[in-house]
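For reference, the structure is listed below as structure tokens.
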Amino acid sequence: MKIKANPGKTEASNSSDKPNTVSENIRNRRSIYGDQYVKGNLSDELLSEILINATWAPNHKMTEPWRFVVLRGKYLEGYGEYMVNYYKDSYAKELSPEALDKKLTFLRNYPLNAICLIGIILVRNTKINLPEWEEVAAVSSAVQNMALTCTANNIGSYWSTKKVAIDYITEFGLSANENSLGMLFLGYYPDDLKISKKKRTPLSKKVTYLQ
Numbered sequence: 039m040k041i042k043a044n045p046g047k048t049e050a051s052n053s054s055d056k057p058n059t060v061s062e063n064i065r066n067r068r069s070i071y072g073d074q075y076v077k078g079n080l081s082d083e084l085l086s087e088i089l090i091n092a093t094w095a096p097n098h099k100m101t102e103p104w105r106f107v108v109l110r111g112k113y114l115e116g117y118g119e120y121m122v123n124y125y126k127d128s129y130a131k132e133l134s135p136e137a138l139d140k141k142l143t144f145l146r147n148y149p150l151n152a153i154c155l156i157g158i159i160l161v162r163n164t165k166i167n168l169p170e171w172e173e174v175a176a177v178s179s180a181v182q183n184m185a186l187t188c189t190a191n192n193i194g195s196y197w198s199t200k201k202v203a204i205d206y207i208t209e210f211g212l213s214a215n216e217n218s219l220g221m222l223f224l225g226y227y228p229d230d231l232k233i234s235k236k237k238r239t240p241l242s243k244k245v246t247y248l249q
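Residues are numbered in our numbering as their position in the sequence shown, beginning at 1, plus a constant of 38.
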């Protein structure tokens with residue numbers, strides 16, 4: 039068995055524009071947060087495309103272990119108020135009255151510029167007994183499909199897995215075999231927003247080639 043160490047740099051394919059576009063979307067995807075969004079409208083057609091792409095994620099034995107709750111309109115305000123009530127007692131112990139008021143105002147307004155929130159729900163199959171990690175991996179792939187579709191359409195997104203987000207989605211009713219995994223924020227962002235340019239560890243430190 040030969041182990042090939044320190045492989046050369048991986049170059050993007052030049053065979054067509056499509057592979058390059060896929061690579062660009064993957065490498066340009068970034069988490070863009072609610073307080074960075076600007077108002078905008080999302081067409082039903084584009085929302086459907088985002089959700090349909092989610093359902094094409096790989097999943098073992100075709101269990102399709104996901105369900106989504108799309109929140110728009112008054113539910114953006116509802117989540118802001120939910121966060122205020124969720125955090126106000128704990129923040130009141132840490133902050134001055136002025137700082138507390140500022141923090142709660144921030145939380146109340148935080149979701150308002152999002153074009154929608156998508157609740158992410160893990161649905162465990164009751165007839166096919168698969169390890170939970172496989173089902174979570176499938177849902178994670180579905181969320182990544184949504185994020186990449188957003189990137190391709192110049193829409194910002196990020197997956198909020200804070201307990202407040204997880205608990206909020208449970209408010210909409212879950213079955214015994216379902217678990218909330220938080221929510222995906224979607225929103226437009228200004229053209230001049232400085233997107234973080236995070237580096238990745240070189241392949242030579244993360245990949246072993248056997249041949």
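Ideal placement from N, C-alpha and C gives every residue a C-beta, glycine not left out.
Leaving out five residues before and five after I166 in sequence, what residues of the same chain have Cβ atoms less than 8 Å from its Cβ? Within the same chain, I166 has close Cβ partners K99 and T101.
Fill in: Cβ contact (3+ pairs, closer than 8 Å) linking the region 72-88 and the region 168-178
no
Exercise. Where does F144 fall in DSSP's three states?
Worked result: helix
List in chain order: all unbroken alpha helix (DSSP H) runs of 4+ residues lying wholly within the region 174-247. 201-208
**Prompt:** Relative to the C-alpha of I156, which residue among W104, K141 and D127 is closest?
**Reply:** W104
- Cα-Cα, which of V161, F210 and V181 is closest to R67? V181
- request: To the nearest angstrom, report how far apart N91 and E132 are at their CA atoms.
  value: Each residue's Cα considered, the two are about 43 Å apart.
> Tell me which same chain residues have a C-beta within less than 7 Å of the C-beta of T187, skipping the five on either side of it?
Replying inline: E87, I88 and N91
Beta-bridge pairing of V161 - partner residues as DSSP gives them
E216
DSSP-derived helix/strand/coil call for L155: Three-state DSSP puts L155 in a strand.
Next on the checklist: On a Cα-Cα basis, can you pick out the residue from V76, I207 and Y113 that is closest to F106?
Outcome noted: Residue I207 is the option with its Cα nearest to F106.
Check: Roughly how many angstroms lie between the CA atoms of Y148 and Y226, to the nearest whole one?
Finding: 14 Å
From T93, D229, S128 and Y117, pick the residue whose C-alpha is nearest to that of G220; which is it? Y117
So L80 and C154 are supposed to be a Cβ contact under 8 Å. How far apart are they, rounded?
Between C154 and L80 the Cβ distance is about 6 Å, and since that is below 8 Å, they are a contact.
Taking C-beta to C-beta, are S195 and A203 nearer than 8 Å?
no
So which of L168, K112, S179 and N151 has the shortest CA-CA distance to Y75?
-> N151
- Message: In the DSSP output, what is R105 paired with across the bridge?
- Response: I159.
Report the start-end ranges of each beta strand (DSSP E) in the region 56-143 that is 3 residues or longer and not cut off at the edges. Counting whole runs of 3 or more residues, the region 56-143 contains the beta strand (DSSP E) stretches 104-109.
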